[in-house]
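Written out below as C-alpha cells is the structure these notes cover.
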Amino acid sequence: MWKFTLRRILIMIPQIILLSILIFILAKMMPGDALTGMIDPNVSPERLEELREKLGWNDPWHIQYADWVGGLVQGDFGQSFRFKMPVTELIGERIVNSFWLSVATLIFTYLIAIPLGILSGRYNDSLLDQTITGYTYLGFATPLFIFALVMLWVFGFMLGWFPTSGSVSPGSEPGTFAYVMSKINHLILPAIAMALIATVNTVQYLRSEIIDTKQKDFILTARAKGASESRVYNRHILRNSLLPIAAFFGYEITFLIGGTIFVETIYNYPGMGLLFFESITLRDYSVVTAVVLLFGVAAILGALLSDIILSLVDPRIRIK
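Just so we're aligned, residue 1 is where the sequence shown starts under full-length UniProt numbering, counting upward by one.
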C-alpha cells in the first residue's frame, strides 16, 4: 500500500511541473496584460512600456517562468495590479468561501444521491426507478449554468427564500451567531444547485452497482440459506455497492472546480470561481495563473485521493 501511494505521489510531481509550465505559457499567449487599456489618459504608451520593462514582462518566457516559480516556492504568487494587493492575500480571502461552498455541496450531493441510488437499484424497473432514472437523464442533459440560473430565479427572486448574491448580509458582525447563520443562508442555494447536478453520476453508478451485486453468486447463496431480504441488502448488497462510491470522492473535486466558476459568477458569491472570472475580464494574469494552478493541483490531488481509496477498496488495482 505504501509503495503504491509513494509511486502515485512521484508520478504527481512531474504532472504539477508540466501543469505549471502550460499555465504560464498560455497566460503569456493571452492578449494584453494588466496594464493594457488603462483608463488614466495621462499615462503615455512610452510610460507603460517602461513599466513593462521594469517588471520584467519583456524578458524571455523561461526567465519569467523561473522568477514566477521562485516566488511560488516562497509562497509569493505575485502582485494583483487590479485589486492592488498581494495575490496570496487575495486568494486567502476568497478560498475560505469556496471551501465551505464545496463542503456544503458534497454534503447535499451524498445526502441526495445515496438514498436515490439505493431506491433505484433495489426497486429497479419499477415506477420509482423510472422516475429516479428520468431525473438523472434530465440532470445529464441540463447545463449547470442554466440550472443555477433557474434556481436563482425561482428560489431567490420569485419566492425570496434565499439571498441572491454575496456570502453574508451587509452589517453582520463576524463571530456572532447572526453572522454564521447569514453565511449558511447564503451558501445553501448555490450548494444545492451544484449538488442536484452532481448527484446524477453517483445515483446512476450506485444503481448499476446494486443491480450487478444482486445477481452475484454470494447473494444467491445468502438467499438460499434463508437470510431475510433486509439482511441481504444491508449486510451484503449495500456494503459491497457503497465501497466503490468512496473512490469517486476525489473526482467530485474536479466537478466542484468547474462548477464553482459558473455558480459563484451567477450568484455573485465571492469565492475562487468568481475571482477567476473577474481576473480574466480584468486581464489580471498574476491572479489568473495562481488560481488556475491551485485548481489544477486540487484536481491532481483529487485523482490521487481517489486512486488511494480505490486501492484500499480493491487491492487488485495496486501496482506491483
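Cβ coordinates follow ideal geometry from the N, Cα and C atoms, glycine included.
For GLN64, the uninterrupted alpha helix (DSSP H) run begins and ends at 61-73, by DSSP. One Cα belongs to LEU305, the other to SER98, and the distance between them is close to 20 Å. Where GLY78 is concerned, there is no enclosing alpha helix (DSSP H), because DSSP gives it neither an H nor an E. When C-alpha distances from THR254 are compared across ARG7, ILE219 and ALA299, the shortest belongs to ALA299. Its chain contains ILE23 as the residues whose beta carbon lies nearer than 6 Å to that of VAL292, once the 5 sequence neighbours on both sides are disregarded; these appear in chain order. For ILE261, same chain residues with a beta-carbon under 7 Å away, outside a window of 5 residues either side, are GLY273, PHE276 and PHE277 in chain order.
About 13 Å separates the Cβ atoms of LEU149 and MET194, ruling out a contact at the 8 Å cut-off. Contact between GLY296 and LEU19 holds, since their C-beta atoms are separated by about 5 Å, short of 8 Å.
According to the DSSP assignment, GLY139 belongs to the alpha helix (DSSP H) that extends over 127-141.
For MET158, no alpha helix (DSSP H) run applies, since DSSP gives it neither H nor E. The beta-bridge partner set that DSSP reports for PRO86 consists of GLN79. Between GLY171 and SER182, the alpha-carbon positions lie close to 11 Å from each other. The shortest CA-to-CA distance from TYR205 to any of SER120, GLN15, THR88 and TRP68 is the one to SER120. Remark: C-beta atoms of ALA191 and ALA104 approach each other more closely than 8 Å. By the Cβ-count criterion, VAL73 is exposed, with fewer than 16 other Cβ atoms from all chains shown falling within 10 Å of its own Cβ. Excluding residues up to 5 positions away in sequence, PHE162 and THR164 lie with their Cβ nearer than 6 Å to the Cβ of GLY156 in the same chain.
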